[in-house]
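Taking my numbering, the leading residue of the sequence shown gets 12, the next gets one more, and so forth. All C-beta atoms in this analysis are idealised placements derived from N, C-alpha and C, irrespective of residue type, glycine included. Working notes for the structure below.
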Amino acid sequence: MSSTPQPDRSSGPDVPAADPAGATPGLHWAAGPDLRGLLRDNRELRRLVPALLLSRSADLLGLLAVVTLLAATGTGPGSSGPVVLVALVLTLRVLAGLALGDVVGGLADRVDRRRLLVVTDLLRALLLLSVALLAVAGWTLVAAALVAVVGLAASRSATTAAAGLLPTARRAAAAPLLLGTTVVAASVAALALVLLSLPAGDQTRLVLGVAVAAHLLAVLLSRRTDLPTSPPPPAPGSPWAAPWRRVGAGAATVLGVAVLRPVVGPLLVLVATVGVVLAVGPSWVAGLEAGVGAFGLLVLVVVVGGLAGATRGARWAGSLPPRRRFALAVTGAGLAAVLAAVVPQVSVVVLAAALLGLLAGTARAGASTLLDLEVEPEARAVVRRSLDDTGRAVLVVVLVPAAALAGAVGPFGADPLFWPGAVVAVLLLGVLLTGTGVLAVRALAEGGTSVRDDLREAWRRRGRTARASHRHGLPGYFVAFEGGDGSGKSTQAAMLADWVARQGWEAVRTREPGGTALGRRLRSVLLDGVGDEGGTIEPRAEALLFAADRAQHVSEVIRPALRRGAVVITDRYVDSSLAYQGAGRAESVDEVEQLSAWATGGLVPDLTVVLDVDPSTAAARRGADERRRGEDRLEAESTAFHTAVREQFLLLAEREPRRYLVLDATTSERSVQRRVRAHLEALLDAPDAEDAAAEGPVPARRSRLARRARPAGSTGPVPLDPVPTDPAAAVSDEAAETPVRDPEVTGVLERPGSDDPLSARR
Ligand SMILES: Nc1ncnc2c1ncn2[C@@H]1O[C@H](COP(=O)(O)OP(=O)(O)O)[C@@H](O)[C@H]1O
Ligand SMILES: Cc1cn([C@H]2C[C@H](O)[C@@H](COP(=O)(O)OP(=O)(O)O)O2)c(=O)[nH]c1=O
């Protein structure tokens with residue numbers, strides 16, 4: 012649980028932070044970019060990744076071997092030496108990353124990456140070999156510390172190498188890619204420990220031997236790679252920032268956000284608990300008279316459980332909002348730790364550890380989502396780094412004392428109720444974690460609903476994602492809002508995203524042009540023109556620029572989200588090009604359509620909502636909208652242009668009525684929203700999205716949902732939202748307020764009073 016590498020702003024643009032071993036996935040890995048697509052398109056990356064995977068597996072297997080070697084140095088389960096030594100090795104590992112990560116990273120940047128990968132694997136192989144040959148506790152400790160430092164250099168060159176192999180716009184994908192390899196490597200290493208320990212007797216040397224061999228094999232693989240040699244951009248300012256400065260930089264931001272305050276404490280206790288379970292693990296299972304393999308199993312279930320929780324937890328949690336999910340997962344993790352501690356049976360310990368991993372991963376992802384929702388995009392990297400570093404600092408402080416406590420207490424209880432001392436440390440942290448979890452449940456209570464109601468609702472919605480669409484074959488659901496400028500698209504998209512998130516789906520709200528970093532640049536050219544430098548934008552150039560924005564948008568934002576099963580809500584898509592560049596600019600609509608089809612790889616929305624409004628009403632609304640600063644290039648076009656645009660939208664809808672919903676946008680915001688929701692509710696809940704769309708009028712299809720939401724004893728259809736306004740639809744008063752959302756993240760953010768970044772004008 013110690014860290015999640017994020018793009019490291021302090022060490023130059025686009026170069027992700029070093030990825031220390033032991034990192035666990037968070038939202039960013041789960042919601043990461045299209046890694047498979049990146050690997051498919053990039054031969055060198057396909058060569059690098061297996062080399063890194065092997066190298067990291069070797070590294071982590073080496074760590075496990077060192078740990079089991081040290082754990083076996085004692086004179087029996089009662090001696091305190093081994094458990095402290097193990098904790099010390101892990102502490103040194105974490106401390107190295109915390110204190111030296113930047114320095115070693117800075118030095119590593121000066122060396123040829125391929126050579127560095129080869130040398131660092133060779134060095135680690137030699138160090139592990141020396142450990143196997145000497146088998147002296149003192150040297151083992153020193154060697155383990157050296158391995159940790161060498162590993163930092165390896166990690167840095169791997170990260171910059173991967174970043175260098177990626178196209179500039181996709182460099183940020185290097186961090187999730189490497190985090191993915193670390194998680195897989197941790198599982199491979201733990202599994203290897205289990206398998207290698209199957210034969211009876213002490214297999215530590217065999218394990219060390221395999222780790223050495225794997226490092227050597229990684230050398231061969233690294234030598235075959237062709238990595239970019241150019242150094243990464245120089246780091247601005249000092250390459251080394253004192254850990255406490257880094258911690259402090261983010262702490263102020265975190266503590267400034269009310270919702271995040273109750274998250275930090277439980278998160279850190281969670282990190283400590285998982286760390287202590289692993290640190291006292293070898294002597295714990297030994298005390299229960301289980302072998303090294305059981306320790307391997309313990310690590311394996313924690314890692315795999317953590318991965319499952321981080322990637323699937325939100326889905327399994329159904330409609331639980333991230334705050335609830337976080338607080339309940341922390342409480343559950345605490346109870347799992349208590350369970351592991353109080354039942355002196357290795358099978359129960361392993362099962363409880365799996366649950367602990369699962370809930371820790373879920374809590375971690377929940378916290379990450381909260382952070383994304385609550386912290387401004389510019390501050391997120393600093394906050395994440397600060398939290399990661401604080402987590403590592405906690406481990407540095409906690410592991411050795413916890414192990415010392417475990418060792419000091421020693422085994423107690425009489426047969427058959429015999430407990431190793433390690434359980435005392437785990438029990439203490441488990442109780443503390445449960446307590447902080449309960450406090451977090453209270454502090455993060457949401458909307459006045461009880462935990463029981465929330466859980467019941469989540470159980471009802473468990474595993475539910477937006478229904479698959481026949482069109483794109485991805486698990487998510489894709490909605491586009493189209494219409495003239497000022498028709499109310501942004502307003503409706505924001506309200507819908509809010510509702511979708513409250514229904515328990517992941518909502519990704521985005522827009523065109525400008526849904527990506529590249530898109531934002533294109534947007535300013537497209538809307539503001541190139542007036543200062545003279546010249547105009549030719550209609551075909553304009554069409555190509557909109558298509559370029561869309562290609563980036565689909566690949567970077569829309570497809571990955573649909574792949575995760577999210578509901579993607581975009582403010583404008585292909586039809587805008589057909590209407591504005593095709594009909595408006597009098598280019599061939601067919602050609603513009605071909606261009607967009609090429610740009611999107613044929614990705615078509617499941618539902619396109621056309622907000623129909625006459626150009627003069629739309630212009631009046633724009634004029635009255637205080638957030639707008641004058642007309643942009645396209646808005647300033649003639650009424651004839653806007654009329655042609657409007658007619659083209661209606662024509663497109665007429666051609667494909669099953670995929671379109673045309674609404675009169677001159678009615679009130681709430682009335683429009685009500686109809687959008689009613690339509691979407693039916694589609695998302697229907698067994699088959701397309702069939703449902705063809706079925707007939709909305710109220711008939713809504714009946715199933717309405718029945719489920721009806722309070723006991725009542726009759727007639729009841730809307731899902733708390734304020735039953737119109738029985739045929741469901742929009743609450745509260746939902747009619749437009750909350751603030753972040754276009755770059757999943758989910759929605761409610762912070763009344765601040766500006767909506769989506770509708771902010773550049
Ligand atoms: N149904 C509606 N009735 C009246 N005004 C509306 C309605 N929908 C939106 N507006 C207002 O019209 C302006 C433009 O809305 P906006 O959502 O930004 O449109 P778009 O994204 O289509 O340009 C805003 O001031 C908004 O408050
Ligand atoms: C996506 C897209 C937008 N546009 C135009 C329509 C808008 O006038 C402008 C910017 O869109 P947008 O920000 O949605 O403006 P508004 O909020 O006023 O509706 O870009 C095109 O001409 N072609 C396209 O493909």
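| Item | Value |
| --- | --- |
| Neighbourhood of Arg633 by C-beta, 8 Å cutoff - its chain only, sequence neighbours within 5 removed | Asp496, Gly497, Arg639, Glu642, Glu646 |
| Ala364 Cβ short of 7 Å to ligand 1 heavy atom set | no |
| Tyr488: CB within 7 Å of a non-hydrogen atom of ligand 2 | no |
| Reduced DSSP category for Val291 - H, G, I as helix; E, B as strand; rest coil | coil |
| Cβ-heavy atom distance, Arg57 to ligand 1, below 7 Å | no |
| Environment of Ala211 [buried if 16+ CB atoms lie within 10 Å] | exposed |
| Own chain, CB closer than 7 Å to Ala590, minus 5 neighbours either side, in chain order | Val656, Gln659, Phe660 |
| Neighbourhood of Arg336 by C-beta distance below 6 Å, restricted to the same chain and skipping five residues each side | Ala328, Gly377 |
| Segment contact flag, the segment 60-80 with the segment 186-206, C-beta cutoff 8 Å, min 3 pairs | yes |
| Inter-stretch contact (C-beta, 8 Å, three-pair minimum) for the segment 485-492 and the segment 568-578 | yes |
| DSSP-derived helix/strand/coil call for Trp516 | coil |
| Pro524 beta carbon near ligand 2 (any heavy atom closer than 7 Å) | yes |
| Buried versus exposed, by CB contacts within 10 Å (16 or more), Leu266 | exposed |
| Three-state secondary structure (DSSP) of Val536 | helix |
| Meets three-Cβ-pair contact criterion under 8 Å: the segment 344-357 and the segment 443-457 | yes |
| Euclidean distance between Cα positions of Val274 and Gly448 | 9 Å |
| Cβ-based burial, Phe557 [other Cβ within 10 Å; buried from 16] | buried |
| Closest residue to Ala340 among Val408, Asp617, Val452 (Cα-Cα distance) | Val452 |
| Backbone CA spacing between Glu55 and Arg534 [nearest angstrom] | 33 Å |
| Heavy atom of ligand 1 within 7 Å of Val683 beta-carbon | yes |
| Proximity test, Arg531 beta-carbon vs ligand 2 heavy atom, cut-off 7 Å | no |
| Inter-residue Cα distance where the pair is Arg67 and Glu637 | 55 Å |
| Asn53 versus Gly526: straight-line alpha-carbon distance, rounded | 25 Å |
| Phe652 CB to nearest heavy atom of ligand 2 below 7 Å | no |
| Arg632: CB within 7 Å of a non-hydrogen atom of ligand 1 | yes |
| Reference Ser461; option with closest CA among Gly499, Thr401, Trp255, Leu331 | Leu331 |
| Nearest candidate by alpha-carbon position, reference Leu281, set Leu308, Gly494, Val313 | Val313 |
| Beta-carbon proximity list for Arg104, same chain, < 6 Å, skipping 5 on both sides | Ala159 |
| Proximity test, Ala508 beta-carbon vs ligand 1 heavy atom, cut-off 7 Å | no |
| Neighbourhood of Ala110 by C-beta, 8 Å cutoff - its chain only, sequence neighbours within 5 removed | Pro254 |
| Reduced DSSP secondary structure (H/G/I, E/B, other) of Pro708 | Because the pLDDT of Pro708 is 31, which lies under 50, any placement of that residue in the model is unreliable, and the number read from its coordinates should be weighed accordingly. Reduced to three states, the DSSP call for Pro708 is coil. |
| C-beta contact flag for Leu801 and Asp586 at 8 Å | Outside the modelled stretch of the chain, which goes from 12 to 773, sits residue 801, for which no answer is possible. |
| Residue burial classification, Glu553 (beta-carbon count within 10 angstroms, cutoff 16) | buried |
| beta-carbon Thr1 near ligand 1 non-hydrogen atom, thresh 7 Å | Nothing can be reported for residue 1: it is not among the residues displayed for the chain, which extend from 12 to 773. |
| Paired residues, beta bridge with Glu692 - DSSP | In the DSSP output, where bridge partners are listed per residue, Glu692 has none listed. |
| Completely contained alpha helix (DSSP H) runs for the segment 635-693, where each covers 4 or more residues | 650-666 |
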